[in-house]
Amino acid sequence: MPFELHLYQAGNDVSTRDLDDRANLHSECFVRSAMEAQLNNDRTYAFDTVHSQAGLIHTQHGEQNYVITPPAPTGFNFVSGCRPLGAQPAAVSLTEGSGSNSNPEAPSKIDGRRCDFPGCRSKKTFKRNYELQRHRKKHDRAETFDCPAVNCKYRGSKAFYRPDKLKAHVDAAHDENTMFACPIAGCLSARTAVSRNILALHIRNHDHGACKPYWSHFKALENCDKSRSCPVEGCTQKLDIDSLQEHIMQHGEDERKASHIGITIGGFDPSTAFITCPFLDCQIRSQNLTAFHGHINEHTISDIDHFTAWRDGISPRMTDNSAPWQIWVIARADSNIVCPICNTNAEFEWDSLRRSVSHQLSLLKPPKELYQYREQILSLYPDFSTHPVFDDVMPAIHRKTERVP
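Each residue of the sequence shown is one higher than the one before, counting from 0 in numbering that gives the first Met the number 0.
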């Protein structure tokens, strides 16, 4: 029921300001009903008995007595000046030099800063100054980033003004089937279109220090091969290679059958999601990536028995699990290392603690025998990127001295 609240000091009427000064009351309070009130100031105030026909209610506060008159039927009104706790009117957004936000396009102290570049159509507001400055790069065009995808329209006047915008575009608009060219001016590899996976490998093997003007381009593109699109129709998920196989199995059998062409092209068996060997005369299915990698290693070797005997003979001394096409590092031995099959003394380089051997390199298949399968293998075996079959896509200029996977 609405009521009017009057406060009196016993024996003397005083103004609201005097009462506040003398009693040191807080400015926020509320009354739940005519018979119950609670004031919070680290104390609890209790009401005494209702007195007289006037309906006066006495309370104790320190040594002073206060009287609360019952509610008046004229509506809710705090004569003391206290404000009620409850729903408040919506705050009015103010602009500079005006009492109301009559122009929604004007800069707002509350909403943030707006771009004042002539002709800018953006209606965004920026809470922080650096966000506004980053937006203004779109107008400055001091540095732009062309999309390296073949026939992509986002180049020249439509080029991106920030490398993160380019990265987001490549990830979202281009898939594993898109062809790219190296963005480095003068790189002979720019004349040859390559897949996204090979582009990333190519970019990582450029010497970033020697290509300083393209450093931002490198940061945007060097990891564009880390995600794979789900081959199931209608699925827009992009995942790393370690998660893709499990994700495919999460799709129902009917979904996988309907997308059997895309799944097969992606290197998986539609029924089991096992990884299928890309070599046409093999087609062995591996249960997981580790088994697939070991199987592919065998395909790179011309004489598997010879290779196995050589590897088994030195494996106790090997310090890492290098691929067959890499130089192996072994712990130093006092005696010479001889191949048990061909009795060849292994050529090696050594220091005080270890040796590196390369006899296994003579047992590999020529790279041209693997060429037609390299893209499929690389998509499921990223470390295969160090194989000599990719020598032709390495940078023609500003190349790193050591191959980077």
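Backbone N, C-alpha and C fix where the C-beta goes; we use that ideal spot for every residue, glycine too. Fair warning: this is a prediction, and the values are worked out from it, not measured in the lab.
**Asked** Would you say the region 203 to 211 touches the region 252 to 271, given that touching needs at least three Cβ pairs under 8 Å?
**Response** Here the region 203 to 211 does not lie against the region 252 to 271, with fewer than 3 beta-carbon pairs under 8 Å apart.
**Request:** Would you list, in sequence order, the uninterrupted alpha helix (DSSP H) runs of no fewer than 4 residues that lie entirely inside the region 272 to 353?
**Result:** With a minimum length of 4 residues, the continuous alpha helix (DSSP H) runs that stay inside the region 272 to 353 are 288 to 298, 303 to 313.
**Proximity of Ile396 and Cys223 at Cβ, strictly below 8 Å** = No, these two residues do not count as a Cβ contact at 8 Å.
**Minimum C-alpha distance to Cys181 - residue among Val149, Ala308, Phe383, Lys126** = Of Val149, Ala308, Phe383, Lys126, the residue nearest in Cα terms is Val149.
**CB of Ile300 within 8 Å of CB of Phe306, strictly** = Yes.
**Prompt:** Given Ala192, which residues of its chain have a CB within under 7 Å of its CB, disregarding the five upstream and five downstream residues?
**Reply:** Excluding the 5 residues flanking it on each side, Ala192 has same chain C-beta neighbours closer than 7 Å at Val149, Met178, Phe179, Ala180, in chain order.
**Message:** If you reduce the DSSP assignment to three classes, tell me which class Lys367 lands in.
**Reply:** The answer is helix: DSSP assigns Lys367 an H, G or I state.
**Prompt:** Which parts of the region 154 to 180 are runs of the alpha helix (DSSP H), unbroken and 4 residues or longer, counting only runs that do not cross its ends?
**Reply:** Taking 4 residues as the minimum length, the alpha helix (DSSP H) runs contained wholly in the region 154 to 180 are 162 to 172, in order along the chain.
**Message:** Whether or not the region 207 to 217 and the region 234 to 250 are in contact is what I'm after, with contact meaning three or more pairs of Cβ atoms, one per stretch, closer than 8 Å; do they touch?
**Reply:** Judged by pairs of C-beta atoms under 8 Å, the region 234 to 250 does not touch the region 207 to 217, as fewer than three such pairs exist.
**Prompt:** Thinking C-alpha only, which one of Phe144, Asp253, Tyr380, Asp382 is nearest Lys164?
**Reply:** For the residues Phe144, Asp253, Tyr380, Asp382, the minimum Cα distance to Lys164 belongs to Phe144.
**Message:** So, for Gln286: in the same chain, excluding its five sequence neighbours on each side, which residues have a beta-carbon less than 7 Å away from its beta-carbon?
**Reply:** Cβ neighbours of Gln286 beyond the five flanking positions: Phe273.
**Request:** Using DSSP bridges, identify the partner residues of Leu238.
**Result:** Among the bridge pairs identified by DSSP, Leu238 is matched with Arg227.
**Message:** Would Ile329 and Arg316 be called neighbours here (beta carbons separated by less than 8 Å)?
**Reply:** In this structure, Arg316 lies closer than 8 Å to Ile329 by Cβ.
**Asked** Can you tell me the Cα-Cα spacing of His298 and Gly261, whole angstroms?
**Response** If you take the alpha carbons of His298 and Gly261, they lie about 25 Å apart.
**Message:** Once the 5 residues before and after Tyr372 are set aside, which same chain residues still bring their CB inside 7 Å of it?
**Reply:** Apart from sequence neighbours up to five positions away, the residues of its chain that approach Tyr372 with a beta-carbon distance below 7 Å are Pro277, Phe278, ordered along the chain.
**Asked** In terms of alpha-carbon separation, which member of Ser228, Gln359, Glu401 lies closest to Asp174?
**Response** It is Ser228.
**Item:** Range of the contiguous alpha helix (DSSP H) that encloses Ile183
**Value:** Per DSSP, Ile183 lies in no alpha helix (DSSP H) and is assigned neither H nor E.
**Message:** Which residue marks the beginning of the alpha helix (DSSP H) containing Glu254, and which one marks its end?
**Reply:** For Glu254, the enclosing alpha helix (DSSP H) covers residues 252 to 257.
**Straight-line gap, Gly111 to Thr124 (C-alpha atoms, nearest Å)** = Rounded to the nearest angstrom, the two C-alpha atoms are 5 Å apart.
**Asked** Which of helix, strand or coil does DSSP assign to Arg127?
**Response** Residue state, collapsed to three classes: coil.
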